[in-house]
Every structure is written in structure tokens, then in C-alpha cells.
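Engineer: Shown below is the structure under consideration.
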Amino acid sequence: MDEIVLETIERVYKNKDYAFFKKKSEEDLVILDDLVKLIEQETVEVSAQEVEIGPSERIYIDYPKFKKGEMVVSYSTFIDISKIIPVYYVQHEFAVENIDENRMGPVLDGFDGQPYIINQANLYDKVSCFFDKNGYKELSYAEMNIVIPDIKMPQDVWLFGPQFTVRTCLFNDILNICEIDD
């Protein structure tokens, strides 16, 4: 993992530089419009999460459904982009309608950092190239879920579990820092 990730987490959560976190969260993500335009060139539906002030932006991408006989598969991708430092995370997903008579649930689904279909792979290549050109580094699922030692989660904030991870530190406002008045 890049040093900037650990240095930033230490700066904000150990040294309590909440002003830095809040300032970065209030800034617009300059690359967002260009990224959405790039994605819209494909045959997909794209939308960005609407958040007034927060440490990250999320883009949702839905691909055309695949249908063959009774089988229907939905594919999607989401991209989380940190506003605190130039890092991002990509997750590909699928969902299949479960038509098994003995099913326990209506859907079989899963997610991974690796694409499931060629359309996801092609779009991932374009998006990765875009981020590289703009100085962003991709974080893997494993990197996003690294536990940060020596930082304790407040008892009333266990929404994401009892420990801080890279994901909670750089992509979520777990301590409501953005709501603190100056």
C-alpha cells in the first residue's frame, strides 16, 4: 500500500487534523464530470451518488441485461473515488435470477475486483487509464479492508464494525467530521 494512504490516515485520525479532512471533503471532485462523460460513451447507464459534502464520490454503472431462455443476468460496476487523496476502488457485480424450484432466495449474486464480462473489462481498462493519467492509484478489495491498528472506533459508531479500515478512513465520514462547525 502506498505511503500516502498510511500518512493521510495518521494525519487525520491519529493527529486529529479534522480541518484537512473537512476541507478536502468540501471540495468538488474535479475529475468527476470528465469521468462520467468517458463512461457515457459506452452502452451503459451511469449515475453518480448525490452527496453534498463527503470524503468520496460513488459512480454506479449498469450494463444491459443478458437474457437467454429463462436465465436473466444483471451486471453492474461501482467506482468509489476518494476526495481526501487520489485513490479509487472498482467493484464489479452480477446478479442472476434464481429459477431453481428449491431456491432459498430469489437471486444468486457476487462481486469481485475482476470483471465478469467483456463490457466490464473494456470499460475498466478505459477508466483505469483515465485515473492513471490523472494521478490516481487503484486500491484492491484487500487494501480497502486493511484494519488500521491503534485507532479505536467510538462505541456508538459501529455501523462498519469495531475497527477502522482504509475504506472507513478515506471513503466514509465515520466520525461525522464534515458536520463539525468551524
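Quick note, the sequence shown lines up with residues 6 to 187 if you use the numbering used here. The C-beta atom is built at its ideal place from N, Cα and C for all residues, glycine as well.
(1) For S81 and D39, I'd like the C-alpha separation in whole angstroms.
(2) Which residue's Cα is closest to the Cα of G140: Y93, K28, I122 and E102?
(3) Restricting to runs no shorter than 3 residues, where is the beta strand (DSSP E) found entirely within the region 13-101?
(4) What residue from N103, K73, I104 and L180 has the CA that sits closest to K157's CA?
(5) Buried or exposed, going by whether 16 or more other CB atoms sit within 10 Å of the CB of T48?
(6) Can you find the residues in the same chain that come closer than 7 Å, C-beta to C-beta, to K70, ignoring five residues on each side of it along the sequence?
(7) Could you tell me whether any Cβ in chain C is nearer than 8 Å to the Cβ of E8?
(8) Report, in whole angstroms, the separation of the C-beta atoms of K88 and K29, which I expect to be a contact under 8 Å.
(9) From the DSSP output, in three-state form, read off K153 for me.
(10) Does the beta-carbon distance from R108 to D85 come in below 8 Å?
(11) Which residues bound the beta strand (DSSP E) around D114?
(12) If you draw a straight line from the alpha carbon of V95 to that of F83, how long is it in whole angstroms?
(13) Kindly list the residues whose CB is nearer than 8 Å to the CB of V132, restricted to its own chain and excluding five residues on each side of it in sequence; keep chain order.
(14) Is it true that the CB of D67 sits closer than 8 Å to the CB of E50?
(15) So, are the CB atoms of G115 and Y146 less than 8 Å apart?
(16) By alpha-carbon positions, which one of A126, G59, V171 and K21 ends up nearest to E32?
Structural biologist: A quick look at the data gives this:
(1) Mapped onto the sequence shown, residue 81 falls at position 76. Mapped onto the sequence shown, residue 39 falls at position 34. One C-alpha to the other measures close to 20 Å.
(2) On the sequence shown, position 135 is the one that residue 140 refers to. Taking only the C-alpha atoms, the option nearest G140 is Y93.
(3) Runs of the beta strand (DSSP E) inside the region 13-101: 50-53, 61-67, 71-73 and 76-87.
(4) Working through the sequence shown from its first residue, we reach residue 157 at position 152. The residue with the shortest Cα to Cα distance from K157 is L180.
(5) Stepping through the sequence shown from its first residue, residue 48 is reached at position 43. Counting the other CB atoms within 10 Å of its CB gives T48 a total below 16, which places it among the exposed residues.
(6) In the sequence shown, residue 70 corresponds to position 65, counting from 1. These residues qualify, in order along the chain: V77, V78 and S79.
(7) Protein chain content of the structure displayed is limited to a single chain, and chain C is not contained in it.
(8) Here residue 88 is taken as the residue at index 83 of the sequence shown, counted from 1. Here residue 29 is taken as the residue at index 24 of the sequence shown, counted from 1. About 5 Å separates the two Cβ atoms, so the contact holds.
(9) As a position in the sequence shown, residue 153 is number 148, starting the count at 1. It should be pointed out that residue 153 corresponds to Ile in this sequence rather than to Lys. I153 sits in a strand when the DSSP states are folded into three classes.
(10) Start at 1 with the first residue of the sequence shown, and residue 108 comes out as number 103. Start at 1 with the first residue of the sequence shown, and residue 85 comes out as number 80. No, Cβ-Cβ distance for R108 and D85 is not below 8 Å.
(11) The sequence position of residue 114 within the sequence shown is 109, counting from 1. Note, D114: beta strand (DSSP E), V112 to D117.
(12) Counted from its first residue, the sequence shown places residue 95 at position 90. Counted from its first residue, the sequence shown places residue 83 at position 78. Whole-angstrom Cα-Cα distance: 6 Å.
(13) Sequence index remark: in the sequence shown, residue 132 carries index 127 (1-based). Cβ neighbours of V132 within its own chain (closer than 8 Å, five residues either side excluded): L40, L43, I44, I84 and V95.
(14) Taking the first residue of the sequence shown as 1, we reach residue 50 at position 45. Taking the first residue of the sequence shown as 1, we reach residue 67 at position 62. Taking the C-beta atoms as reference points, D67 is found nearer than 8 Å to E50.
(15) For the purposes of this step, residue 115 is identified with residue 110 of the sequence shown, where counting begins at 1. For the purposes of this step, residue 146 is identified with residue 141 of the sequence shown, where counting begins at 1. For G115 and Y146, no; Cβs fall outside 8 Å.
(16) Position 27 of the sequence shown, counted from the first residue, corresponds to residue 32. Shortest Cα-Cα distance from E32 to any of A126, G59, V171 and K21 involves G59.
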